[in-house]
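Protein chains in written order, with my numbering: chain W, 1275 to 1950; chain U, 506 to 739.
A quick write-up on the structure given underneath.
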């Protein structure tokens, strides 16, 4: 029954593909469905079983797509460890709600509390993932975030000016000097009010190079003004091609309506090859132009752990016509999506999503074609190289809808086939298809740990599927998206595991656990907590008033808040609770929430301070409590705020209740004094 | 003397300069000759005791379902500290649930005078080696034994007080008849915690030093016996 279902679906996809794009024949797909199912009865369970209490071999970071976040999974188990909030408010922790983190979501449009997060990119040293940071882009309101991989927390977000749709982002250079962002949507740059059908005259794309190698100091290094196409994906060169960056484009037709037809007319679009070392030279020679554009930079202050925002204005803009040797177009069939550079840095693989082949360009041939000036034409100062002069080969009959390619470091490439819903393994250099495996269903990105770097760990491949349908028990019309773990250690790919994902994972990154596990922070030292509202001991809390603003400083420790009885708050006041978790013990978190608050609760990792704002709406007694089951007396971890009518002049007081005093009766010195 | 978290800064009592081991053993007034080997062993034993200023004497490890990695205490001659700096606070924090006292190293007087006692023992041992008096050697070994036994007894008494002095009026979790005394040596279940108590490096150094002192004494007594019979036979 299961096999029959899969066969039917597989066949259905095949027919859809054949009709949809007029490509005849179904041979490539549907070949091995039943065999794959048969393998499920093999050693797949053993291969993915991580016994209770044991650790996974790899950390995997999946983008959250329209959730705006990043998820952390273990491989090969597919267990979800954490959701890291990045571009979206996250009431689970208070991210984007509390006073400490809400500035992280600031943009020139105000607080934008959501984004569409697309591509995860690990920081690199010499072209190899190094485990320092993870970058991810927001597509909708173009932004790039940096996640620290000691805390697994977002520490920095840079808005990209002069851009719309930050899709070709945040791919890194081999030394992480830059991460990039190129515009998926061309718009007038600078923005202006023009007729939409004046696209060809007025719409432009930009490619931004963002300085990325210093935490807290991300900034626009320079931008390149490009013809108004859609810039889709990118990857940096490496090894011999180090110093170059490659971006796919589609809609070279420059359609502005019904793109699915109108942007699919040309046989070939382009890969833009950008020589960013040349860009640096041109800027040094004064060829860059001062250009407007405001953008916001948000970062977590390392001492206080409070996010700060700064608005910046103006960038350096380079025009290809002013800087020869900066940019070239490589004709590439057809509406290419992914552009992936093999570990040696020689091959530039395009996922021509409407193409019947996978075109592969040669870096060596590209350099020669540039030297020999084998140009078809020039667009806005950008020479278009002759296709035959740059193409190294084409993978014939790979399947339908090639999107993304990853590498195993053993001379093989793996390409996702969206339409024929499969992953195809082929050989670099000979371009022969070696193996194919169906995936369920309609795979987008695929990921091999380090598979886009100079040194892939070529053991597993994760397929990130767009459609789930019948893979899990149904949960109404909308289910999760799905990922599938495939063993690529042998000649034949083997399906090992399905696991559901959060949001829609676009790209992912994975590294061996040993790269991150030793550095993962257990708790913030209280002595390092430089939050201006920190409370380090039981006795140091209190309540103060400044006009209509009331500040409450309190500690949280198993199993009480101190102080926990607050009086003197009046209707019309705005109350700021500054709560410090003074625990110095791994994973001992507390939470804090107050009745009727229009924000979220907050979670308090050990040693950290968070501030949440509360505007009481009525008089009365309002309980607050610990929201994270911290200890045996968690249910007792609570307190009250009295809100009085203005003019009653109830004196401000912050006491510790009798219960709490009793609990703490044998701690006369005050625990926090240990930390002076 | 300040209490230290860890074996960092320690005030060391003045030490005597050890006697040159090669100095010829001679008969001292009121005591028999002590052979060269005994003197050397006594000096070495005394020097080994210097290690007590740098390494912990005892270790207590507390393992619970929530603490698979364990919380630990290290007890040295001048300090009680966490195995990692935050452990002692975390142990105190957990102990408040059952009404136990805080462990406040500043309030333990033994930690103030133990370094002087150990320092005195070292000094005495070196003097005994220098003067080569059998009586001095016997006195030194005896006082070493006394310090050791008294120290262990005092440690047991401290553990007893720590485990039995429960504030049942205010304890959050009250278990009548329960005490939380950790074992001196060995393993004991204390509610959800398994307490494991075991000598640490310092204690093994002390045992070694005492063993050397005992051998020194035996060698000295045997030598005397041999010498005595030789004299009688002459």
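Glycine included, every Cβ here is placed at the ideal spot set by N, Cα and C.
All values derive from a computational prediction rather than experimental measurement.
Who does residue i pair with in a DSSP beta bridge?
i, result
"residue 1509 (chain W)", "W:1520"
"residue 1721 (chain W)", "W:1736"
"residue 1874 (chain W)", "According to DSSP, which records beta bridges pairwise, residue 1874 (chain W) is partnered with nothing at all."
"residue 1427 (chain W)", "W:1422"
"residue 1411 (chain W)", "W:1418"
"residue 1761 (chain W)", "W:1734 and W:1768"
Output, in chain order, the set of chain U residues within a Cβ distance shorter than 7 Å of residue i.
i, result
"residue 1458 (chain W)", "Within chain U, no residue comes near residue 1458 (chain W); the closest Cβ sits about 47 Å away, beyond 7 Å."
"residue 1343 (chain W)", "The premise fails here: residue 1343 (chain W) is roughly 29 Å from chain U at the closest Cβ pair, so nothing lies under 7 Å."
If you count every other CB in all the chains shown that lies within 10 Å of the CB of residue i, and 16 or more means buried, which is it?
i, result
"residue 1872 (chain W)", "exposed"
"residue 1925 (chain W)", "exposed"
"residue 1824 (chain W)", "buried"
"residue 1271 (chain W)", "No answer is possible for residue 1271 (chain W): the residues shown for chain W start at 1275 and end at 1950."
"residue 1746 (chain W)", "exposed"
"residue 1793 (chain W)", "exposed"
"residue 1391 (chain W)", "buried"
"residue 669 (chain U)", "exposed"
"residue 1550 (chain W)", "buried"
"residue 1937 (chain W)", "Because residue 1937 (chain W) sits at a pLDDT of 45, beneath the cut-off of 50, its placement in the model cannot be relied upon, and the following sentence gives the value as read from the coordinates. Residue 1937 (chain W) comes out buried."
"residue 1723 (chain W)", "buried"
"residue 1826 (chain W)", "buried"
"residue 1645 (chain W)", "exposed"
"residue 673 (chain U)", "exposed"
"residue 1433 (chain W)", "buried"
"residue 1455 (chain W)", "buried"
"residue 1903 (chain W)", "exposed"
"residue 1524 (chain W)", "buried"
"residue 1878 (chain W)", "buried"
"residue 1522 (chain W)", "buried"
Using only the alpha-carbon positions, how far apart do residue i and residue j sit?
i, j, result
"residue 1342 (chain W)", "residue 1601 (chain W)", "32 Å"
"residue 1592 (chain W)", "residue 1748 (chain W)", "52 Å"
"residue 667 (chain U)", "residue 686 (chain U)", "6 Å"
"residue 1511 (chain W)", "residue 1518 (chain W)", "5 Å"
"residue 1412 (chain W)", "residue 1358 (chain W)", "14 Å"
"residue 660 (chain U)", "residue 652 (chain U)", "12 Å"
"residue 525 (chain U)", "residue 646 (chain U)", "Residue confidence is low: residue 525 (chain U) scores 43 on pLDDT, short of 50, so the model does not pin down where it sits. No coordinate-derived value is stated."
"residue 577 (chain U)", "residue 586 (chain U)", "8 Å"
"residue 712 (chain U)", "residue 543 (chain U)", "17 Å"
"residue 702 (chain U)", "residue 709 (chain U)", "14 Å"
"residue 1927 (chain W)", "residue 1817 (chain W)", "7 Å"
"residue 530 (chain U)", "residue 630 (chain U)", "Note that residue 530 (chain U) scores 43 on pLDDT, short of 50, meaning its location in the model is unreliable; the coordinates nonetheless yield the value given after this. Cα to Cα, the separation comes out at about 16 Å."
"residue 1529 (chain W)", "residue 1864 (chain W)", "54 Å"
"residue 694 (chain U)", "residue 569 (chain U)", "10 Å"
"residue 1842 (chain W)", "residue 1923 (chain W)", "7 Å"
"residue 1710 (chain W)", "residue 1547 (chain W)", "30 Å"
"residue 538 (chain U)", "residue 549 (chain U)", "19 Å"
"residue 1477 (chain W)", "residue 1632 (chain W)", "30 Å"
"residue 1448 (chain W)", "residue 1626 (chain W)", "25 Å"
"residue 1819 (chain W)", "residue 1414 (chain W)", "41 Å"
"residue 1892 (chain W)", "residue 1899 (chain W)", "19 Å"
"residue 1647 (chain W)", "residue 1657 (chain W)", "9 Å"
"residue 1643 (chain W)", "residue 1513 (chain W)", "19 Å"
"residue 1480 (chain W)", "residue 1395 (chain W)", "20 Å"
"residue 1565 (chain W)", "residue 1589 (chain W)", "5 Å"
For a contact meaning CB atoms closer than 9 Å, what does residue i contact in chain W?
i, result
"residue 602 (chain U)", "1832, 1833, 1905, 1906, 1907 and 1937"
"residue 575 (chain U)", "Simply none; closest approach about 12 Å."
"residue 707 (chain U)", "Those within 9 Å of residue 707 (chain U) in chain W number zero; the least Cβ separation is about 24 Å."
Output, in chain order, the set of chain W residues within a Cβ distance shorter than 7 Å of residue i.
i, result
"residue 591 (chain U)", "1858 and 1859"
So residue i contacts chain W; which residues on that side make the cut at Cβ distance below 8 Å?
i, result
"residue 668 (chain U)", "Per Cβ cutoff of 8 Å: no residues; residue 668 (chain U) is ~15 Å from chain W at best."
"residue 653 (chain U)", "Going along chain W, no residue has its Cβ under 8 Å from residue 653 (chain U), so there is no contact; the nearest lies around 32 Å."
Does the beta-carbon of residue i, which I'm using as the reference point, lie nearer than 7 Å to any heavy atom of the ligand GTP?
i, result
"residue 631 (chain U)", "With respect to the ligand GTP, the structure shown offers nothing to examine, as it has no ligands at all."
message = Going residue by residue through the segment 1810 to 1847 of chain W, where are the continuous beta strand (DSSP E) segments of at least 3 residues, counting only ones entirely within it?
response = Taking only runs of at least 3 residues, the beta strand (DSSP E) segments lying wholly in the segment 1810 to 1847 of chain W are 1816 to 1820, 1823 to 1831, 1834 to 1836 and 1839 to 1844.
Runs of alpha helix (DSSP H) wholly within the segment 1600 to 1641 of chain W (minimum 4 residues, chain order) = Listed in chain order, there is nothing to give.
inquiry  = If we require 4 or more residues per run, which alpha helix (DSSP H) segments fall completely within the segment 1685 to 1712 of chain W?
reply    = Entirely contained in the segment 1685 to 1712 of chain W, not one alpha helix (DSSP H) run reaches 4 residues.
ask   = Quick one: complete alpha helix (DSSP H) runs, 4+ long, within the segment 613 to 639 of chain U?
value = Counting whole runs of 4 or more residues, the segment 613 to 639 of chain U contains the alpha helix (DSSP H) stretches 615 to 636.
query = Quick one: complete beta strand (DSSP E) runs, 3+ long, within the segment 1857 to 1931 of chain W?
reply = Taken in chain order, the unbroken stretches of beta strand (DSSP E) that lie wholly in the segment 1857 to 1931 of chain W and span 3 residues or more are 1864 to 1868, 1876 to 1878, 1883 to 1888, 1894 to 1899, 1912 to 1918 and 1927 to 1929.
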